[in-house]
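Protein chains: 2
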Amino acid sequence: MATIKDVSKETGLSIGTVSRVFNNRGYISKETREKVEAAVKKLNYQPNAIARSLSKSSSNIIGVILPHISHPFFSDLLSYIENATREKGYSLMVFVTKGDEEAELAMINRCRENKVCGLILCSGRFATKKIESNEFPVVAIERNPEGASFAIECNNRQGGRLAAQELIDKGCKNLVSLAGIKGRKMPADDRSTGFEEVCRENSVNFTCLTYPPELYDRLDYTAFIDKVLTERPNTDGIFASSDIIASQVIQVAASKGLKVPEDLKVIGFDDTLIATYTTPQLTTIHQPIKEMAELAVSTLIGLKDEKSATGCTIMNVSLVKRGTT
Amino acid sequence: MATIKDVSKETGLSIGTVSRVFNNRGYISKETREKVEAAVKKLNYQPNAIARSLSKSSSNIIGVILPHISHPFFSDLLSYIENATREKGYSLMVFVTKGDEEAELAMINRCRENKVCGLILCSGRFATKKIESNEFPVVAIERNPEGASFAIECNNRQGGRLAAQELIDKGCKNLVSLAGIKGRKMPADDRSTGFEEVCRENSVNFTCLTYPPELYDRLDYTAFIDKVLTERPNTDGIFASSDIIASQVIQVAASKGLKVPEDLKVIGFDDTLIATYTTPQLTTIHQPIKEMAELAVSTLIGLKDEKSATGCTIMNVSLVKRGTT
DNA sequence: CTGAAAGCGCTTACAG
DNA sequence: CTGAAAGCGCTTACAG
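Quick note, the sequences are listed as chains A and B, same order. With the UniProt record's numbering applied, the first sequence closes on residue 325, and no number is skipped along the way. With the UniProt record's numbering applied, the second sequence closes on residue 325, and no number is skipped along the way.
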């Protein structure tokens, strides 16, 4: 592997000068530039990002920590984050943790060790505050900021409102909201808040249920849904806080002989691919996942210098009507 | 951020000695070790992986290149790869490319720049051969090796055979295989081969169709499926080369008034989460995704020194019967 | 068992 | 416009 030293020898220029043309720093004569370019080609020179990072003491690596990759919301999110990151010339380092605080701390240490230039923290359990005042900026997506970091979330409350309204408009009288993990505080909790508001405004019966964290970790809610439907046989509308949960509601309903949407209407959240694979297709709340991802990346990159920036952006959601309501 | 220099000062030991205790090289007196440990704690010292990589001229970063993240097969695969990577003490750098050769080359360069210690190449279009003879070993998953790298694939041919057999056992007379991308050679092509074999052995009518690469890139096959079903109205069994395609077959069939499995039987491939979200649930060919991911990672790490290792492991598949056959 | 020194491949003021 | 030199934070033979 050719190094800058080889290019220097090949061209007869000093290492410093060669480095300057690579970085476009200061004035460089046309002749010099051409010499260097020729040598680069000839030697098939590739800069060593590690060495560069060390001397600049900052890398071009963005770290991202998320609770799942297989969950469609997160696989979409990650997909868009990767794309935005790469297009801006950065590389992505990915870590998955199910929200275990200790594990997450270990990952943050990994990020530190690898001198990431920024970190995107997606959902997950614990407060962002604790990792503030660090070497790199962090932006949170759908996560409880509690501190001074920059946060991006969708308008969860509005999403909950839209869901309740749609269910009520379609004639539901006994609603259930399956939104929120027992014992964890997160922006998604606002989904239930909005839902509740609209139910009260319309004097419609409702219950907001939260589920144990294990279900979220394993992505299997069927037993829980079955129990809910059994214990509350007159439920005629369900608001699920993800398309995954909603899909499973459809499955469980079918197994109990309930027709969707005739006997039971359901609304999901996220608007991922699977919303179109169920039968009937899922009515759901659309999250602007792509925009959230892109905003996270560009904010992070913009934050490089002012590490103490603070703020919270709330993105719009919308109702996508399909076949389950 | 404390450096090794600070630890050296704090303990009164030389930098070399401190480094030695971190790396457990040679003999170190108990007293020295304790002093260092105390200093580390006091200063909250964290090693700089970048600096270490530079001096060892090799990092602890594994690179992975894949064509999709949102596709359930790849999100599962990536998920397992991340887990295996992290458990072995490595970090994961993720790149997505839809198989464009130039883009992929650029990503391989990124890996080179970042001095990854190994690369996992998932599916995608172009030959692995071209990136051989490099600084790092590469292992391919579901990809045409064509060169000297190490490859892992599932028994695609057997998968095709199992699918055809199941469809025939259930009484199908006119089969269609939707497996393979037009103009790209990949291990998954063997799915059709096995399918064809069994159809011939049983003298059953069949057609093997390939689809244009754009469909794979966008993950939307509905128009194509619709055309197939319209042009071949007597089709009574479809073998789709992924659960995604199979899900869309179910949707399209419904839109045309075809009942699954009564009028049309369908089998998918992969056995990912979405196979359980369709109605009816998908009969599919199970790929050992987790095992493939883990084997890829451990092989890669084992290959570190013998970069020229060669081989191909073929993993078993099995038929998972659910509701679409 | 430990220290001194060279080296990994770059960047960046500082001179000139 | 270009060169020489220090420095980024570590590792690793080589002495002792």
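The beta carbon of each residue, even a glycine, is placed where N, CA and C say it ideally should be. Computed from a prediction, not measured in an experiment: that's the story for all the values here.
Segments of 4+ residues assigned as alpha helix (DSSP H) that fall wholly inside the region 30-105 of chain B: 30-43, 49-56 and 72-87
Test: B:Val252 CB closer than 8 angstroms to a CB of chain A: Within the second sequence, the letter at position 252 stands for residue 252 of chain B. With 8 angstroms as the cut-off, B:Val252 does not count as an interface residue toward chain A.
Buried or exposed by the 16-neighbour rule on C-beta atoms within 10 Å, applied to B:Pro233: Translated into positions along the second sequence, residue 233 of chain B becomes position 233. Counting Cβ neighbours within 10 Å, B:Pro233 comes out exposed, since fewer than 16 surround it.
Inter-residue spacing [alpha-carbon to alpha-carbon] between B:Gly323 and B:Gly237: For the purposes of this step, residue 323 of chain B is taken as residue 323 along the second sequence, with counting starting at 1. For the purposes of this step, residue 237 of chain B is taken as residue 237 along the second sequence, with counting starting at 1. In a straight line, the C-alpha of B:Gly323 is about 13 angstroms away from that of B:Gly237.
Within 9 angstroms of chain B by C-beta, residues of the UniProt domain "HTH lacI-type" (2-56) of chain A in sequence order: Gln46, Pro47, Asn48, Ala49, Ile50, Ala51, Arg52, Ser53 and Leu54
Counted within 10 angstroms of its Cβ, other Cβ atoms place A:Tyr90 as buried (16 or more) or exposed: Here residue 90 of chain A is taken as the residue at index 90 of the first sequence, counted from 1. Buried, by the Cβ-count rule.
Every unbroken beta strand (DSSP E) inside the region 140-209 of chain A [3 residues or more]: 150-154 and 174-181
Inter-residue CB distance, B:Gln46 and A:Asn109 (contact presumed, cutoff 8 angstroms): As a working note, residue 46 of chain B is residue 46 in the second sequence. As a working note, residue 109 of chain A is residue 109 in the first sequence. Yes, they are in contact, since the Cβ atoms of B:Gln46 and A:Asn109 sit about 6 angstroms apart, within 8 angstroms.
Closer than 8 angstroms to chain A by CB, B:Glu291: Along the second sequence, one-based indexing puts residue 291 of chain B at 291. Answer no: the Cβ-Cβ gap between B:Glu291 and chain A never drops below 8 angstroms.
Residue environment, B:Ala106, which counts as buried when at least 16 other CB atoms sit within 10 Å: If you number the second sequence from 1, residue 106 of chain B lands on position 106. Result: exposed.
Length of the line joining the Cα atoms of B:Thr3 and B:Lys41: Position 3 of the second sequence, counting from 1, holds the residue named residue 3 of chain B. Position 41 of the second sequence, counting from 1, holds the residue named residue 41 of chain B. Their Cα atoms are separated by approximately 13 angstroms.
Cβ of B:Phe224 within 8 angstroms of any chain A Cβ: In the second sequence, counting from the first residue as 1, residue 224 of chain B sits at position 224. No, B:Phe224 does not count as interfacial toward chain A.
Those residues which DSSP pairs with A:Leu300 across a bridge: Walking along the first sequence from the start, residue 300 of chain A turns up at place 300. In DSSP, A:Leu300 forms no bridge with anything.
Option nearest A:Pro288 by Cα separation, candidates A:Phe239, A:Asn155 and A:Ile301: Mapped onto the first sequence, residue 288 of chain A falls at position 288. Checking every option, the nearest Cα to that of A:Pro288 belongs to A:Asn155.
Beta-carbon neighbours of B:Glu104, restricted to chain A and to distances below 8 angstroms: Within the second sequence, numbered from 1, the residue matching residue 104 of chain B stands at position 104. The contacting residues do not exist; B:Glu104 stays about 12 angstroms from chain A at best.
Nearest candidate by alpha-carbon position, reference A:Cys122, set A:Glu135, A:Asn114 and A:Lys98: For the purposes of this step, residue 122 of chain A is identified with residue 122 of the first sequence, where counting begins at 1. Considering only alpha carbons, the answer is A:Lys98.
Meets three-Cβ-pair contact criterion under 8 angstroms: the region 200-216 of chain A and the region 292-300 of chain A: no
Whether A:Val266 touches A:Asp226 by CB criterion (8 angstroms): The residue you call residue 266 of chain A lines up with position 266 of the first sequence. The residue you call residue 226 of chain A lines up with position 226 of the first sequence. Their beta carbons are not under 8 angstroms apart, which means A:Val266 does not touch A:Asp226 by this criterion.
Rounded distance between the beta-carbons of A:Thr313 and A:Leu295, thought under 8 angstroms: Here the question's residue 295 of chain A lines up with position 295 in the first sequence. Here the question's residue 313 of chain A lines up with position 313 in the first sequence. Contact flag correct, Cβ pair sits at about 6 angstroms.
Check whether A:Phe74 and A:Arg191 have beta carbons under 8 angstroms apart: The count along the first sequence starts at 1 and reaches residue 74 of chain A at position 74. The count along the first sequence starts at 1 and reaches residue 191 of chain A at position 191. Result no, Cβ atoms of A:Phe74 and A:Arg191 do not sit closer than 8 angstroms.
Check whether A:Ser58 and A:Lys115 have beta carbons under 8 angstroms apart: As a working note, residue 58 of chain A is residue 58 in the first sequence. As a working note, residue 115 of chain A is residue 115 in the first sequence. In this structure, A:Lys115 lies closer than 8 angstroms to A:Ser58 by Cβ.
Environment of B:Asp263 [buried if 16+ CB atoms lie within 10 Å]: Counting from 1 along the second sequence, the entry for residue 263 of chain B is found at position 263. Classification for B:Asp263: exposed.
B:Leu215 - containing alpha helix (DSSP H), residue span: For this step, residue 215 of chain B is matched to residue 215 along the second sequence. Run containing B:Leu215: Pro213 to Arg218, per the alpha helix (DSSP H) assignment.
Contact list for the region 72-97 of chain A against chain B, Cβ threshold 8 angstroms: Pro72, Ser75, Asp76, Leu78, Ser79, Glu82, Asn83, Arg86, Ser91, Leu92, Met93, Val94, Phe95 and Val96
Cβ-Cβ distance between A:Met93 and B:Leu167 below 8 angstroms: Sequence index remark: in the first sequence, residue 93 of chain A carries index 93 (1-based). Sequence index remark: in the second sequence, residue 167 of chain B carries index 167 (1-based). Result no, Cβ atoms of A:Met93 and B:Leu167 do not sit closer than 8 angstroms.
Separation of A:Gly159 from A:Arg200, as counted between CA atoms: Here residue 200 of chain A refers to the residue found at position 200 when the first sequence is read from its first residue. Here residue 159 of chain A refers to the residue found at position 159 when the first sequence is read from its first residue. Looking at the two C-alpha atoms, the distance is approximately 16 angstroms.
Chain B contact for A:Glu135 (CB, 8 angstroms cutoff): Position 135 of the first sequence, counted from the first residue, corresponds to residue 135 of chain A. Closer than 8 angstroms: yes.
B:Ile274 - containing alpha helix (DSSP H), residue span: Numbered from its first residue, the second sequence carries residue 274 of chain B at position 274. Neither: B:Ile274 is in no alpha helix (DSSP H) and is coded neither H nor E.
Alpha carbon of B:Cys117 to alpha carbon of B:Pro137, nearest angstrom: Taking the first residue of the second sequence as 1, we reach residue 117 of chain B at position 117. Taking the first residue of the second sequence as 1, we reach residue 137 of chain B at position 137. Rounded to the nearest angstrom, the two C-alpha atoms are 7 angstroms apart.
Short-range partners of chain A found in the region 269-300 of chain B, where Cβ spacing is below 9 angstroms: Thr272, Leu273, Ile274, Thr276, Tyr277, Thr278, Thr279, Pro280 and Gln281
Cut-off 8 angstroms between Cβ atoms - residues of its own chain near A:Val320, not counting five sequence neighbours on either side: Taking the first residue of the first sequence as 1, we reach residue 320 of chain A at position 320. Counting only Cβ-Cβ distances below 8 angstroms, and skipping sequence neighbours, we find Asp271, Ala275, Thr283, Thr284, Ile285 and His286.
Residue-level contact to chain B via CB, A:Ser192, 8 angstroms cutoff: On the first sequence, position 192 is the one that residue 192 of chain A refers to. False, the Cβ-Cβ gap to chain B never drops below 8 angstroms.
Sub-8 angstroms separation of A:Ile120 and A:Val139 beta-carbons: For this step, residue 120 of chain A is matched to residue 120 along the first sequence. For this step, residue 139 of chain A is matched to residue 139 along the first sequence. For A:Ile120 and A:Val139, yes; Cβs fall inside 8 angstroms.
For A:Cys312: DSSP bridge partner residues: One-based indexing of the first sequence puts residue 312 of chain A at position 312. DSSP output for A:Cys312 lists A:Ala151 as bridge partner(s).
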